[in-house]
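Let me begin by presenting the structure, written as structure tokens, before commenting on it.
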Amino acid sequence: MFDKLRRKSKSENTSYFIHFFAVFSGIFLVMTVIILQVMRFGIYSSVDNSLTKTVDNIEEYVNITLSRSVLNSLTGETSSEPPSDIKPKGQMVANTHLIVYDKDGNALNSVDSFSGLQNLSLNTNNLKKISEQRAKNFSGQEEVYRTITVKVDSSLYTDAKYATVVVNTTQLEDANDRYVKIIVSVMAVFWLLSVGASVYLAKWSRKPILESYEKQKAFVENASHELRTPLAVLQNRLESLFRQPDTTILDNSENIASSLDEVRNMRILTTNLLNLARRDDGIKPEIVEIKPQFFKEIFQNYQMIAEENQKNFYYENQLTKPIRMDKTLLKQLMTILFDNAIKYSDSNGDISMMVEASDKQLLVKVADNGQGISDTDKSKIFDRFYRVDKARTRQKGGFGLGLSLAKQIVDSLKGSISVKDNQPKGSIFEVRLPLTK
Ligand code: ADP
1 MFDKLRRKSK
11 SENTSYFIHF
21 FAVFSGIFLV
31 MTVIILQVMR
41 FGIYSSVDNS
51 LTKTVDNIEE
61 YVNITLSRSV
71 LNSLTGETSS
81 EPPSDIKPKG
91 QMVANTHLIV
101 YDKDGNALNS
111 VDSFSGLQNL
121 SLNTNNLKKI
131 SEQRAKNFSG
141 QEEVYRTITV
151 KVDSSLYTDA
161 KYATVVVNTT
171 QLEDANDRYV
181 KIIVSVMAVF
191 WLLSVGASVY
201 LAKWSRKPIL
211 ESYEKQKAFV
221 ENASHELRTP
231 LAVLQNRLES
241 LFRQPDTTIL
251 DNSENIASSL
261 DEVRNMRILT
271 TNLLNLARRD
281 DGIKPEIVEI
291 KPQFFKEIFQ
301 NYQMIAEENQ
311 KNFYYENQLT
321 KPIRMDKTLL
331 KQLMTILFDN
341 AIKYSDSNGD
351 ISMMVEASDK
361 QLLVKVADNG
371 QGISDTDKSK
381 IFDRFYRVDK
391 ARTRQKGGFG
401 LGLSLAKQIV
411 DSLKGSISVK
421 DNQPKGSIFE
431 VRLPLTK
């Protein structure tokens, strides 16, 4: 069964890994696409803005361009000043050029002869739409242009039929390519790192499941182990009864008494197991008012039990006013400690109990002069199924669950439990529980 669970847990690990990795990959992919889109949009938005603004005032720009062209061809000068009587309204970005065409697609103005502008041809298919064109410059390198072509109707220059506004975006494109490469490489590095992160997260998210699985496994193994002995004893005794059908109950009283003992033990064990398992989900204490009389009654009962077991019991009830606490849990806790003191002290041993309360906490002390607990065992006795001397404690009806139940109760009441040596021998258990007003 556990092998199956282990295999299942391994395949769960892979499935967790795949989920985390898929989420990381998705995030990186979306991030890369968004960053690239935003970058592209940012790079070209001012260019496109300039193109559309120029188109809005195309007549003025055509007039300026052609008048300058005519002036230059007459004087042979390369003046960049537009004629003072024609002023454009829009704002152009640097690097913007205008090519004016006649109806046959011949350029009417001269353009920079080193660039690829000369090699751009009129394209009337996508009028008023921004598009990308590529052309080779004089040294044979390809240049990229963002262009928009519109029809023109100039009263000054009637030959002018089309105008193409052009912005050279070769450098922007190069920079963009470089950024794209950097972004894609950075994302790829992070994507590779996410493989490691996914492995780590898959393990990390399974940790609490694995821990509780290990706990559960140990619990079931221990419980089955504990049940096996009394069941084997019972089976033995019952078989021996079966083999002698003519004998009377009196003849078999030893067998029956011992069977009953085992049944009683099993009942205690199963009740304890049930309590532990139920309370693992968390105990909800019911805080009520407890009067000093409550402890007096408990101590009187313990006195009787101690006498039955030939032990001397001393108690001290220092409570003068009521406290607020869970009655049932407190009584269970005190009984576990008292039971142990009885079980693990010698005949005629001395057991003493004391309760005392300040404004903030309740202190319960249980002392005995029994065999005591070694320092190494002190840290283990609160673990489930832990017994110092397995053979001896089993005879005494112990399953190693009492103190783990006590610890569970103390934890639920947000208190602490500790054990120290008694003088000259024996142990003292101390429980401190915070009190609420
Ligand atoms: P059990 O049901 O076996 O008593 P507990 O969890 O109550 O289980 O105790 C765990 C172990 O701690 C016991 O088996 C016993 O060896 C040891 N122990 C507990 N209380 C005492 C005590 N008062 N004196 C000596 N040993 C003790």
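Counting in the UniProt record's numbering, the sequence shown runs from 1 upward without gaps.
All residues carry an ideal CB built from backbone N, CA and C; glycine is no exception.
- Sorting M354, I428 and V220 by C-alpha distance to the C-alpha of I298 places M354 at the top.
- Taking a 10 Å sphere around the C-beta of N272, we find 16 or more other C-beta atoms and assign the residue as buried.
- Annotation for K161: Y101, D102, K103, K151 and V152 place their beta carbon closer than 8 Å to its own, counting only its chain and skipping 5 residues before and after.
- For T147, DSSP records a beta bridge to S131 and V166.
- Here DSSP, grouped into helix, strand and coil, assigns P230 to helix.
- Residue environment: N301 is assigned as exposed (fewer than 16 neighbouring CB atoms within 10 Å of its CB, all protein chains considered).
- Restricting attention to R324, L433 and F20, the CA atom closest to the CA of V195 is found in F20.
- For R146 against T170, the beta-carbon gap comes to about 10 Å, at or over 8 Å, which does not count as contact.
- In the DSSP secondary-structure assignment, V100 is bridged to A163.
- The beta carbons of S412 and D368 sit about 25 Å from each other, so the pair does not count as a contact at 8 Å.
- Per the DSSP secondary-structure output, K136 pairs in a beta bridge with E142.
- With contacts defined as CB atoms closer than 7 Å, I130 and D48 qualify as a contacting pair.
- Counted as a single uninterrupted DSSP element, the stretch harbouring K284 is not any beta strand (DSSP E), since DSSP gives it neither H nor E.
- The continuous stretches of beta strand (DSSP E) do not include Y344, and DSSP gives it neither H nor E.
- For I351, the secondary structure class from DSSP, reduced to helix, strand or coil, is strand.
- The Cβ-Cβ distance between W191 and F28 falls below 7 Å.
- Taking the CA atoms as reference points, L260 sits about 11 Å from L231.
- By the beta-carbon neighbour count (other beta carbons within 10 angstroms, threshold 16), H97 is buried.
- In this structure K321 is not in contact with I290, their Cβ atoms being roughly 10 Å apart against a cut-off of 8 Å.
- A341 sits close to V366, with the two beta carbons spaced by under 7 Å.
- Taking E173 as the centre and dropping the five residues before and after it, the same chain places the C-beta of V144 closer than 7 Å to its C-beta, in chain order.
- The C-alpha of P292 is placed about 22 Å away from the C-alpha of N312.
- In this chain, Q408 is not harboured by any beta strand (DSSP E); it is covered by the alpha helix (DSSP H) spanning G402 to S412.
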